[in-house]
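Written below as structure tokens is the structure these notes are about.
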Amino acid sequence: MNERLAIGCMTGTSLDGLDVALVRARGTGLELEVELIDARAFDLGELREPLLDFARGGALTALGVADLARRFGELHAAAVVEVARGRALSLVAVHGQTVAHAPPNSLQLVNPWPIVRDANARVVADLRGADLAAGGEGAPITPLADLVLFGHEQKRRAIVNLGGFANVTHLPAVAPGARAAAGARITGGDVTPCNHWLDGLARHLFDRPFDEDGALAATGHADAATVARFADELTAIRSRARSMGSAEERADLERLVGDTEPHAALASAVQAIAAAVADSARDADEVLLAGGSTANRALVDALAAACHAPVHSTSAVGIDARWREAIAMAVLGLVADDGVPITLAAVTGATRPPRAGAWYRPG
């Protein structure tokens, strides 16, 4: 069976760093079998603040946008070369940095050409654009990758990404060789702000960039009235947004907190997030967690208490939770290269999901 080496690159809306994963794939389309070879996280350095500022509505000239995209591409190129270590790559799949998402508009910023130049490999980017053009939300885009990575013959699994937003992929039990048919039964979507709320509260209440390991929330006791305010805010968000993006990042956290004691306020946000995720995953036989906030013990413990099904990290089933999104990008690039649409109408709302991606090739 032919083997392909592919790299996936991902930066989430929290801008914690650039994750780069190298995978070996056997098979084609949705019947891929994927093995992680190497993965690393790269600091964004001096690019983090301008990317954050731009994503939060900061003004840039056209030249400033082009320069930021180019420098971000150069960072990707150096990271890809370091992870590839001279291996011949079939492709590199690059998500880019989401600096705006308000369907039908969405922008994932990156200039792919430095990667093409330095890695001497094909690069696929703009993975959301075709779905948006077909009337979809362009999000979430990982459910089919989750099917490839986590589909189980007997268990219905909920794959929960705990990033800037928490999103859930609902996978049916799927027999070997039947993934394509199972695609029609996959559902998923954004459930709640996650790190955007928790990091925002850490900054607002404690002057810290984030709640390391959930230690601050763990020392507080959730306040019922504050939990209810966060839950009401979430209901309002869901009423106006099928997929969450730029507008949902900027909740009025001061109003939601009120005069609640800081540790209790953070614990209340954790409780509200856990309740929303648990409700979404109520029909699953197993809940698998991935993303940056799997390190937040307060949130993970709250999810374990709230969910009806057993809760584990994706690391427990062979996919390191730290790298799930970067691995998913590599999978989506491979699936797209095989001519298979990477999004699902039932998930994004696209009338007919098209083949995805803009391809950049060495000369």
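In UniProt numbering, the protein residues as written are 1 to 363.
From the three backbone atoms N, C-alpha and C, an ideal C-beta is built for every residue, glycine too.
Asked                                                                                                                                                        : Found
Could you spell out the range, first to last residue, of the alpha helix (DSSP H) harbouring Val340?                                                         : Looking at the DSSP string, Val340 is not in any alpha helix (DSSP H), and its letter there is neither H nor E.
Note the first and the last residue of the continuous beta strand (DSSP E) segment covering Asn161.                                                          : 157-162
Can you have a look at Arg352 and say buried or exposed, based on whether 16 or more other CB atoms are within 10 angstroms of its CB?                       : exposed
Determine the contact status of Phe210 and Leu198, defining contact as a CB-CB distance below 8 Å.                                                           : yes
Just to confirm before moving on: does the CB-CB distance between Arg179 and Leu147 stay below 8 Å?                                                          : yes
Can you pull the DSSP bridge partners for Pro103?                                                                                                            : In DSSP, Pro103 forms no bridge with anything.
My guess is that Arg185 and Asp285 are in contact by the Cβ rule of under 8 Å, so how many angstroms apart are they, rounded?                                : In fact, because the Cβ distance is near 14 Å, the residues do not count as touching under 8 Å.
Is Arg355 helix, strand or coil when you go by DSSP?                                                                                                         : coil
Does the Cβ-Cβ distance between Gly135 and Ala295 come in under 8 Å?                                                                                         : no
If you run the structure through DSSP and keep just helix, strand and coil, what is Phe165?                                                                  : strand
Assuming Val317 and Phe150 form a contact by the criterion Cβ under 8 Å, report the distance between their Cβ atoms to the nearest whole angstrom.           : 7 Å
Please classify Arg355: is it buried, with 16 or more other beta-carbons within 10 angstroms of its beta-carbon, or exposed?                                 : exposed
Give the straight-line distance between the Cα atoms of Ala55 and Ala166, rounded to the nearest whole angstrom.                                             : 18 Å
Alpha carbon to alpha carbon, what distance is there between Asn2 and Asn161?                                                                                : 31 Å
Could you pull out every residue in the same chain whose Cβ sits closer than 8 Å to the Cβ of Gly163, ignoring the five residues on either side in sequence? : Gly12, Thr13, Ser14, Cys194, Asn195, Gly291, Gly292, Ser293, Glu325
Starting from His308, trace the beta strand (DSSP E) in both directions and tell me its first and last residue.                                              : Where His308 is concerned, there is no enclosing beta strand (DSSP E), given that its DSSP letter is neither H nor E.
Quick one: what's got a C-beta closer than 7 Å to Thr187's C-beta in the same chain, skipping five residues either side?                                     : His170, Ala346, Val347
Alpha carbon to alpha carbon, how far is Leu332 from Ala6? Give it in angstroms, no decimals.                                                                : 10 Å
Buried or exposed: which applies to His101, given that a residue is buried once 16 or more other Cβ atoms fall within 10 Å of its Cβ?                        : buried
Identify which residue in Arg26, Ala41, Ala25 has its Cα closest to the Cα of residue 365.                                                                   : Summary: the structure shown does not reach residue 365, with the chain confined to residues 1 through 363, and so no result is reported for it.
Indicate the three-state DSSP secondary structure (helix, strand or coil) for Asp131 in the structure shown.                                                 : helix
Using 8 Å as the Cβ pair cut-off and three pairs as the minimum, do the stretch 108-125 and the stretch 73-86 touch?                                         : yes
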